[in-house]
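Here's the structure we're looking at; comments come further down.
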Amino acid sequence: MSSLSRELVFLILQFLDEEKFKETVHKLEQESGFYFNMKYFEDEVINGNWDEVERYLGGFTKVDDNRYSMKIFFEIRKQKYLEALDKHDRSKAVEILVKDLKVFASFNEELFKEITQLLTLENFRENEQLSKYGDTKSARAIMLVELKKLIEANPLFRDKLQFPNLKNSRLRTLINQSLNWQHQLCKNPRPNPDIKTLFVDHSCGQPNGARAPSPANNPLLGSIPKPGGFPPLGAHGPFQTAPTVPPLAGWMSNPPAVTHPAVSGGAIGFGTPTNPAALLKHPRTPTTANPSMDYPSGDSDHISKRSRPVGIAEEVNLPVNMLPVTYPQSHNYQQDDFHKTVARTLTQGSTPMSMDFHPLQQTLLLVGTNVGDIGLWDVGTKDRLVVKNFKVWELGKCSMALQASLVKDPAVPVNRIIWSPDGTLFGVAYSRHIVQIYSYHGGDDIRQHLEIDAHVGGVNDIAFAHPNKQLCIITCGDDKTIKVWEATSGAKQFTFEGHEAPVYSVCPHYKENIQFIFSTALDGKIKAWLYDNLGSRVDYDAPGHWCTTMAYSADGSRLFSCGTSKDGESHLVEWNESEGAVKRTYQGFRKRSMGVVQFDTTRNRFLAAGDEFLIKIWDMDNTGLLTTIDAEGGLPASPRIRFNKEGTLLAVSTLDNGIKILANADGLRLLRTLENRSFDASRNAAETVTKPLINPLTAAANAAAASSSGTPAPAAITAMNGDSRSLVDVKPRIADESLDKSKVWKLMEITESTQCRSIKLADNMRTSKISRLIYTNSGVAILALTASAVHLLWKWPRSDRNTSGKATASVSPQLWQPPSGIFMTNDMTDNNPEEAVHCFALSKNDSYVMSASGGKISLFNMMTFKTMTTFMPPPPAATFLAFHPQDNNIIAIGMDDSTIQIYNVRIDEVKSKLRGHSKRITGLAFSNVLNVLVSSGADAQVIY
3 MSSLSRELVF
13 LILQFLDEEK
23 FKETVHKLEQ
33 ESGFYFNMKY
43 FEDEVINGNW
53 DEVERYLGGF
63 TKVDDNRYSM
73 KIFFEIRKQK
83 YLEALDKHDR
93 SKAVEILVKD
103 LKVFASFNEE
113 LFKEITQLLT
123 LENFRENEQL
133 SKYGDTKSAR
143 AIMLVELKKL
153 IEANPLFRDK
163 LQFPNLKNSR
173 LRTLINQSLN
183 WQHQLCKNPR
193 PNPDIKTLFV
203 DHSCGQPNGA
213 RAPSPANNPL
223 LGSIPKPGGF
233 PPLGAHGPFQ
243 TAPTVPPLAG
253 WMSNPPAVTH
263 PAVSGGAIGF
273 GTPTNPAALL
283 KHPRTPTTAN
293 PSMDYPSGDS
303 DHISKRSRPV
313 GIAEEVNLPV
323 NMLPVTYPQS
333 HNYQQDDFHK
343 TVARTLTQGS
353 TPMSMDFHPL
363 QQTLLLVGTN
373 VGDIGLWDVG
383 TKDRLVVKNF
393 KVWELGKCSM
403 ALQASLVKDP
413 AVPVNRIIWS
423 PDGTLFGVAY
433 SRHIVQIYSY
443 HGGDDIRQHL
453 EIDAHVGGVN
463 DIAFAHPNKQ
473 LCIITCGDDK
483 TIKVWEATSG
493 AKQFTFEGHE
503 APVYSVCPHY
513 KENIQFIFST
523 ALDGKIKAWL
533 YDNLGSRVDY
543 DAPGHWCTTM
553 AYSADGSRLF
563 SCGTSKDGES
573 HLVEWNESEG
583 AVKRTYQGFR
593 KRSMGVVQFD
603 TTRNRFLAAG
613 DEFLIKIWDM
623 DNTGLLTTID
633 AEGGLPASPR
643 IRFNKEGTLL
653 AVSTLDNGIK
663 ILANADGLRL
673 LRTLENRSFD
683 ASRNAAETVT
693 KPLINPLTAA
703 ANAAAASSSG
713 TPAPAAITAM
723 NGDSRSLVDV
733 KPRIADESLD
743 KSKVWKLMEI
753 TESTQCRSIK
763 LADNMRTSKI
773 SRLIYTNSGV
783 AILALTASAV
793 HLLWKWPRSD
803 RNTSGKATAS
813 VSPQLWQPPS
823 GIFMTNDMTD
833 NNPEEAVHCF
843 ALSKNDSYVM
853 SASGGKISLF
863 NMMTFKTMTT
873 FMPPPPAATF
883 LAFHPQDNNI
893 IAIGMDDSTI
903 QIYNVRIDEV
913 KSKLRGHSKR
923 ITGLAFSNVL
933 NVLVSSGADA
943 QVIY
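Quick note on our numbering: the sequence shown kicks off at 3 and runs consecutively.
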């Protein structure tokens, strides 16, 4: 919107306010986003009109815009939640928790847990942090002070908090001036003109009494604009309509016969408008270095009302637990969709620079490193099938420039490694001159196929394509060229020249049988080429103006690019090909990335990028950051990432020259199936007369295989590709309990005392010996049960030395008690208390602890230490306890009479009693994948 249009909105706002159209004024403020009326906002907050508060805020910012915005919405929704609790309106509080506060669960899971646990309290002021909460009125006033500070600090509200200094009735004054000017232009001006309409220009009546035409039949007005399509106000002329830009395929079918100039106004879809109005209507990405603006396209369904910053200027740390991770409001995602489980850890030995999964064999991973090594891994079996060091195959055939550079510095990193579309070849682009093409024949059988001295300097990218139904290799390099090679013989077919800087990446594609190549250069230029010698069809500026890569979605319908500027500002965008404009700019990058950000796409649904020591995930249809994955730590600042073709596995490089394979639920099933097949084979080979243990998971896999065509491999793949979500509920963090864990622990074997660090847990109570000791599931506390039946809880506080608040030996934890000062103390019997068996179990979200010390079983609230209930007085006494992983109300209780009771706390009923042991129960464990309970007893038996 032009500056005059913006000023017109302010004039209208003033007019509406003067005419007392109060609701309309605030609606226009919100819809235009030009002026944030702090006074109106304050009134709505004080009155508790929360729906209107969020609606009004929504015109200026969204939850996922930046940390300031996130904190603003969190404080509002938290206050609404607390007010519902204060009124004892539990149903309303639950509704707010689920609909409004759930979005923050992934940002800070601990905070969300604590908020959820407030539901269990009679008065939420029992919580230590809320003990000073007053009445509703004072709480709103205190929150409002904080909100005003956040709004004033939020860069999105800059220049929107001050209304322009206007004279009264400025719009009326301008209209009067216009009418006066029109009256002066009348052919027969009257001394006292009678002006009855503003719909047409004023004109005094003719001498014969003829009247001016009415607005309805005035031919100069043209057609009335459609509702909702208010036309843009031009600064110096009438409204202009841009001509229709021809589509991609339409232009491709009639390519020009001459080379296009170096600077073209063409769109990224190669449709070049000839009318200057089209360039104004659909501008190219501005050449400014400012990375924080969205450039919407003309036909985009996601046109924003105004440009909105992606990052945060002069960002500061807020005092509340907020992390820059967001969930979009319009989609329902399951944790199974995300690759949050580290299923494999591979040790490459040198830094991975490029990775690619086989297009057909989903667990076959190619890796190229910074020292020129290439590796081939089967991540299903965790075997490295191939490792090859860099070597020029025929040095005598190479150019003298390459030979001289190798003598000067033999280190030759891999810039890119990639499979051909059918997986029979793979190509390696090196940082010096050459590409090497290998043929793959299955297993560990790779053979030298082609070695091409492709470019002067580094070869920055390589890709495969099928122009004219013939497999070709496409390369680009430091010599500012793109070259096309025949994949069988290595013969050069095309050389594309036109870039004025080293070419950084290539992206071949086709639409409607038209084959073309996008290329990006280090000066930020994007060009497009057909397989001819007619030059580039597009000259275009990429956001960031430096290292940019482009990629299509899996179905080839959507184009994305990701780039990082020299200043470290990163941009992930979707393009509107027919318009040649940035359709959508994704938010969530740090202000200064510490390296060139790499990205990938998967399943026509998600985008991923490595940034800020994390993997960041976006939904393709939402600009806000969807989630982040830390892969259990150990990632570089800008990790390399790569999805497999089915989108079930994600490879990410690590700081210790390794690769982590992350899996979603389907990926875990795939790996587990392969693992079980491997385990079954080895078990059958080594089978003895000893009765083997039955593995229910292997049995299930074998049963599935037996019910198919008789070949185990296709059966496993069929189960993988089908809708298996309803068959088994996989919990990613715990699902893959394989032999891989033993290998990890061997790598971390402690052999010297210097490898250990110790701290002493403070205990002011001078309690007796500790009988049981565990970490909480969240890793932020230690829970102990003493021989005197008292529980002790140590927590690690957040501090400068321990910003995560996780368990560490660097900082001593603090013995914690609720403000009430009570302890969690078990019931004990009078008979031989020293012989009592102490046992306890934590619920999966650390909200409750179930415990026994020879007497009744107690259920405690971990937040307040209050006893929720007691049950099952002895005899028999409980000796081991376990929560069901999917339902905290179901408890397995091992007894000293050798029985196991499955107990439902909610209905206070024993659902079943299991027998089989002959002595007391010493251990219980539920499977997180199967409907199985494993028990151990003092009789030395383990029973499924």
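Built from N, CA and C at the ideal position, the CB exists for glycine as well.
Predicted model, so just to flag it, every value in this text is computed and none were measured.
{"Query": "Under DSSP, the alpha helix (DSSP H) around residue 514 begins and ends at which residues?", "Result": "No alpha helix (DSSP H) holds residue 514; DSSP gives it neither H nor E."}
{"Query": "Check residue 354 in the structure and name its three-state DSSP category.", "Result": "strand"}
{"Query": "Using the C-alpha atoms, what's the distance from residue 483 back to residue 435?", "Result": "12 Å"}
{"Query": "Cutting at 8 Å between CB atoms, please list the residues of its own chain near residue 758, excluding the five before and the five after it.", "Result": "752"}
{"Query": "In the DSSP assignment, the beta strand (DSSP E) including residue 176 goes from what residue to what residue?", "Result": "First-last for residue 176: 172–186, but that is the alpha helix (DSSP H), not the beta strand (DSSP E)."}
{"Query": "Taking a contact to mean a Cβ-Cβ separation below 8 Å, would you say residue 567 touches residue 548 in this structure?", "Result": "yes"}
{"Query": "Give the straight-line distance between the Cα atoms of residue 9 and residue 167, rounded to the nearest whole angstrom.", "Result": "12 Å"}
{"Query": "Check whether the Cβ atoms of residue 38 and residue 62 lie closer than 8 Å to each other.", "Result": "yes"}
{"Query": "Quick check: what's the CA-CA separation for residue 901 versus residue 860?", "Result": "19 Å"}
{"Query": "Between which two residues does the alpha helix (DSSP H) carrying residue 92 extend?", "Result": "92–98"}
{"Query": "Consult DSSP for residue 901 and reduce its assignment to one of helix, strand or coil.", "Result": "coil"}
{"Query": "Please state the DSSP three-state secondary structure of residue 879.", "Result": "coil"}
{"Query": "Can at least three beta-carbon pairs, one atom from the stretch 444–451 and one from the stretch 418–426, be found at a separation below 8 Å?", "Result": "no"}
{"Query": "Label residue 907 either buried or exposed according to how many other C-beta atoms from any shown protein chain fall within 10 Å of its C-beta, with 16 as the threshold for buried.", "Result": "buried"}
{"Query": "Classify residue 385 as helix, strand or coil using the three-state DSSP reduction.", "Result": "strand"}
{"Query": "Specify the secondary structure class of residue 109 as computed by DSSP and reduced to three states.", "Result": "coil"}
{"Query": "What beta strand (DSSP E) runs, 3 residues minimum, are completely inside the stretch 384–414?", "Result": "385–390"}
{"Query": "Taking its Cβ as the centre, do 16 or more other Cβ atoms sit within 10 Å of residue 764, making it buried, or is it exposed?", "Result": "exposed"}
{"Query": "Please name the residue in 610, 658, 650 whose C-alpha comes closest to that of residue 664.", "Result": "650"}
{"Query": "Should residue 462 and residue 507 be called a contact, given that it needs their Cβ atoms to be closer than 8 Å?", "Result": "yes"}
{"Query": "Beta carbon of residue 965, beta carbon of residue 47: below 8 Å?", "Result": "Limits of the chain in this structure are 3 at one end and 946 at the other, which puts residue 965 out of reach."}
{"Query": "Within its chain, find whatever has a CB closer than 7 Å to the CB of residue 5; leave out the 5 residues flanking it on each side and keep chain order.", "Result": "none"}
{"Query": "Hey, out of 894, 502, 141, 927, whose CA is closest to residue 913's CA?", "Result": "894"}
{"Query": "Looking at residue 388 and residue 377, is the spacing between their C-beta atoms short of 8 Å?", "Result": "yes"}
{"Query": "Work out the CA separation of residue 84 and residue 104 for me, nearest whole Å.", "Result": "15 Å"}
{"Query": "Once DSSP output is grouped into helix, strand and coil, what is the label at residue 979?", "Result": "Residue 979 is absent from the structure shown; the chain starts at 3 and stops at 946."}
{"Query": "With burial defined as no fewer than 16 other Cβ atoms inside 10 Å of the residue's Cβ, what is the status of residue 911: buried or exposed?", "Result": "exposed"}
{"Query": "Under the three-state reduction of DSSP, which class applies to residue 446: helix, strand or coil?", "Result": "coil"}
{"Query": "Reducing DSSP to helix, strand and coil, say where residue 149 ends up.", "Result": "helix"}
{"Query": "Is residue 778 helix, strand or coil when you go by DSSP?", "Result": "coil"}
{"Query": "Report all residues from its chain with a CB closer than 8 Å to the CB of residue 40; omit the five preceding and five following residues, and keep chain order.", "Result": "150, 153, 163"}
{"Query": "Answer with buried or exposed for residue 28, where buried requires no fewer than 16 other C-beta atoms within 10 angstroms of its C-beta.", "Result": "buried"}
{"Query": "Could you tell me the boundaries of the alpha helix (DSSP H) in which residue 937 lies?", "Result": "Residue 937 -> not in any alpha helix (DSSP H); beta strand (DSSP E) instead, spanning 935–939."}
{"Query": "Starting from residue 25, trace the beta strand (DSSP E) in both directions and tell me its first and last residue.", "Result": "Counting along the chain, residue 25 falls outside any beta strand (DSSP E), though it belongs to the alpha helix (DSSP H) covering 24–34."}
{"Query": "Between the alpha carbons of residue 703 and residue 442, how many angstroms are there, rounded?", "Result": "For residue 703, the predicted structure reports a pLDDT of 38, less than 50, and the residue's modelled location is therefore unreliable. A value from the coordinates is still provided. Residue 703 and residue 442: Cα-Cα distance of roughly 29 Å."}
{"Query": "Between which two residues does the beta strand (DSSP E) holding residue 576 run?", "Result": "572–578"}
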